[in-house]
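Report on one structure; see the data block that follows.
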Amino acid sequence: MTTTAARALVAQLEELGVEYVFGTCGHTNIAVLDALADSPIRFVIARHEQAAAHAADGYARASGRPGVLLVHVGPGLTNAATGVMTAALDSVPLVVISGDIPSYYHGRHPHQEINLHADADQASVFRPFVKRAWNVHRAQDLGRFVERAFWTATTGRPGAVLVNVPMDVFSRPAAPHPPISRTAPPGLPEETARLIASRLAGAERPLIYVGGGLREDPEPLIRLAEHLDIPIVHSLMAKGTVPDAHPLVLGMPGFWGLELTNACAREADVVLALATRFAETDASSWDPRFTWDFARSTLIQIDIDPAEIGRNYPAEIGAVADVRLAVAAIADAVAAHPARSRDEVRKQIAGARSELYAASRERGLSDDFPLRPERILKDLRDTLPPDAVLVTDVGWNKNGVAQCYELPAEGRFITPGGASTMGFGPAAAVGVQLAEPDRTVIALIGDGGMSAQLPAVPLAVEQGAPVVFVVMNNRSHGTISDLQSAHFGRSHGCDFTDPAGRPYSPDFAALARACGADGHTVAAPSDLGRALREAVANRRPAVIDVPMVNEPVPTPGHWNIKDIYQGHFAD
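Taking the UniProt record's numbering, the leading residue of the sequence shown gets 1, the next gets one more, and so forth.
So, in structure tokens, the structure goes:
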């Protein structure tokens with residue numbers, strides 16, 4: 001049966017189980033929007049393509065399904081680029097479908113074609129960060145390319161892909177495409193699992209380093225760690241994979257890591273690294289004096305992406321496998337070895353973690369106003385249900401939560417890691433809420449991040465998504481302002497002021513009310529807890545504008561940018 005390519009595409013998306021398509025309209029994609037009007041798939045319209053991309057990303061992170069993004073030619077595609085790159089660098093499956101100029105006008109420089117130095121080549125804008133980009137030339141190829149796109153986005157190391165479609169192709173006749181193929185992810189060979197188990201069992205100071213690629217089912221990892229009493233450190237992206245309260249969890253290494261965490265990393269004789277890139281901040285700029293030193297130790301590295309094996313450190317044992325299957329196989333193999341007990345290590349971990357959380361709670365008792373950042377974290381901990389999802393932006397909200405917010409076992413922490421994109425949190429939280437409609441979703445963001453994605457508020461209102469936007473408002477890009485002040489003696493170009501030089505901020509609570517959401521202005525220390533309780537209970541989109549002092553995040557570790565500011569350069 002023949003139909004239009006646009007209608008065949010929507011039928012295919014239905015077969016693939018797509019619930020939402022995020023995006024904006026344009027003259028190149030309205031044939032698809034018209035087809036979606038007759039579909040159970042819900043189109044989530046945004047006021048800016050970056051907001052749509054972040055929302056699709058948040059949906060994918062929370063649901064485990066690929067996010068789908070529909071954008072327009074030229075500026076539609078380029079507006080989305082930052083959001084798509086954010087998903088790509090965090091290994092989030094995202095399928096982008098972009099409209100393009102009519103195929104028969106290629107190279108004639110029609111309206112909105114990207115064409116200064118290459119004709120009709122907008123797909124190249126995405127090529128540095130997508131796993132694959134397809135240019136559709138014939139209507140009969142669209143279904144096949146979309147099948148390949150979903151396949152590519154979700155297999156191996158997940159990521160973003162692009163299907164670029166000339167607008168006339170959407171209106172040409174085409175037949176529906178059969179459903180996508182299925183396959184099993186690669187496991188770890190039994191012999192390799194036994195070898196790794198033997199190395200871990202024979203180690204005196206083993207350590208497990210968990211990255212963001214292990215997001216589900218931590219039970220085998222916990223079973224493995226507990227059998228041999230192996231401490232666990234985790235990357236920023238992996239916070240909450242193993243509950244913060246577990247007695248073997250040391251927290252993050254590197255720049256934000258405790259001295260004990262970094263010491264355990266340096267002194268480990270065998271490190272099992274699971275689905276991690278050894279990012280610069282988690283590895284103290286790869287300086288062996290501070291965190292990871294593999295000159296005298298063994299690295300066992302498991303990753304779905306072969307390019308990551310040995311990228312930053314030489315791996316004595318490297319395995320390309322689905323990390324969940326690999327950990328389960330190693331946990332089974334470890335059971336053949338005697339259990340180990342490292343009581344002294346557990347005591348050290350308990351002492352260091354208790355001191356960290358106690359000190360944060362103590363600072364959070366302050367009634368100073370504007371509020372200290374850790375007072376905001378305390379009120380969140382005291383008020384939110386245990387299964388709340390915290391979606392952060394960048395700055396104190398991300399770094400403070402990652403370091404000193406004891407996340408309940410039922411909770412979830414979602415943040416932009418690879419790109420550290422300011423403006424991720426507001427719209428991503430809306431996507432998370434659509435994927436998790438019954439949970440409390442908090443967008444914990446700075447005033448810079450909120451200002452970068454104001455369209456997220458009307459997006460939440462229109463979608464009936466009861467996201468609570470908590471704006472940590474220091475009237476500044478605070479983290480960078482602190483950094484500049486510390487190294488250059490002043491802050492210029494980082495703080496928001498009016499023409500008279502006075503600190504300035506929009507009234508975010510008034511903006512919320514103007515958009516049809518609830519707006520709360522915190523004017524005294526006790527106001528925040530009250531506003532949080534009311535916002536959570538009302539189940540409506542709400543913005544809580546919280547005046548906050550500009551305090552630096554504690555950074556006990558090392559990051560080379562500080563050396564660069566002082567004129568010290570690493571080759």
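Even for Gly, the Cβ is constructed at its ideal location relative to N, Cα and C.
{"Item": "Straight-line Cα distance separating A358 from R375", "Value": "13 Å"}
{"Item": "Stretch-stretch touch, CB-based, cutoff 8 Å, three pairs: the stretch 206-217 with the stretch 323-331", "Value": "yes"}
{"Item": "Limits of the unbroken alpha helix (DSSP H) element including N312", "Value": "That residue, N312, is in no alpha helix (DSSP H); it is neither H nor E in DSSP."}
{"Item": "Stretch-stretch touch, CB-based, cutoff 8 Å, three pairs: the stretch 378-398 with the stretch 469-477", "Value": "yes"}
{"Item": "Rounded separation between R42 and G516 - CA only", "Value": "21 Å"}
{"Item": "Buried/exposed call for A537, threshold 16 Cβ in 10 Å", "Value": "exposed"}
{"Item": "Close beta carbons around M548, own chain, < 7 Å, minus the five adjacent residues each side", "Value": "P370, L371, P373, I376, M472, N473 and N474"}
{"Item": "As assigned by DSSP and simplified to three states, the class of D545", "Value": "strand"}
{"Item": "Spatial neighbours of V394 in its chain, beta-carbon cut-off 6 Å, leaving aside the 5 residues before and after", "Value": "S420 and M422"}
{"Item": "Alpha helix (DSSP H) segment containing T183, residue limits", "Value": "Element bounds for T183: n/a, residue is neither H nor E."}
{"Item": "Continuous beta strand (DSSP E) stretch holding P206: start and end", "Value": "P206 to V210"}
{"Item": "Beta strand (DSSP E) segments (min. 3 residues) lying fully within the stretch 60-92", "Value": "67-71"}
{"Item": "Residue nearest to E49 in terms of C-alpha spacing, selected from A37, C25 and A31", "Value": "C25"}
{"Item": "Reduced DSSP secondary structure (H/G/I, E/B, other) of residue 632", "Value": "Look at the range of the chain in this structure, 1 to 571, and you will see that residue 632 is not part of it."}
{"Item": "Touch test, the stretch 298-307 against the stretch 188-204, Cβ-Cβ under 8 Å, three pairs minimum", "Value": "yes"}
{"Item": "A139: CB within 7 Å of a non-hydrogen atom of the ligand NAP", "Value": "In terms of ligand content, the structure shown is empty, and the ligand NAP therefore cannot be addressed."}
{"Item": "Burial state of H487, where buried means 16 or more other Cβ atoms lie within 10 Å", "Value": "exposed"}
{"Item": "Boundaries (first-last residue) of the alpha helix (DSSP H) holding H227", "Value": "E219 to L228"}
{"Item": "With 16 other Cβ atoms within 10 Å as the buried cut-off, status of E267", "Value": "exposed"}
{"Item": "The stretch 453-462 / the stretch 399-412 touching (three or more Cβ pairs under 8 Å)", "Value": "no"}
{"Item": "First and last residue of the uninterrupted alpha helix (DSSP H) at H487", "Value": "G478 to F488"}
{"Item": "DSSP state of L236 mapped onto helix, strand, coil", "Value": "helix"}
{"Item": "Backbone CA spacing between A247 and I222 [nearest angstrom]", "Value": "A small correction: the amino acid at residue 247 is Pro; Ala does not occupy that position in the sequence shown. Those two C-alpha atoms are separated by around 11 Å."}
{"Item": "Runs of beta strand (DSSP E) lying entirely within the stretch 377-464, each at least 3 residues, in chain order", "Value": "389-392, 412-414 and 441-446"}
{"Item": "Cβ separation of P173 and A139, assumed to be a contact under 8 Å, to the nearest whole Å", "Value": "7 Å"}
{"Item": "Complete beta strand (DSSP E) runs within the stretch 510-559 (minimum length 3 residues, chain order)", "Value": "518-521 and 542-547"}
{"Item": "Buried versus exposed call for I230 [16 or more other C-beta atoms within 10 Å across all chains shown]", "Value": "buried"}
{"Item": "Reduced DSSP category for A336 - H, G, I as helix; E, B as strand; rest coil", "Value": "coil"}
{"Item": "Boundaries (first-last residue) of the beta strand (DSSP E) holding S98", "Value": "L94 to D100"}
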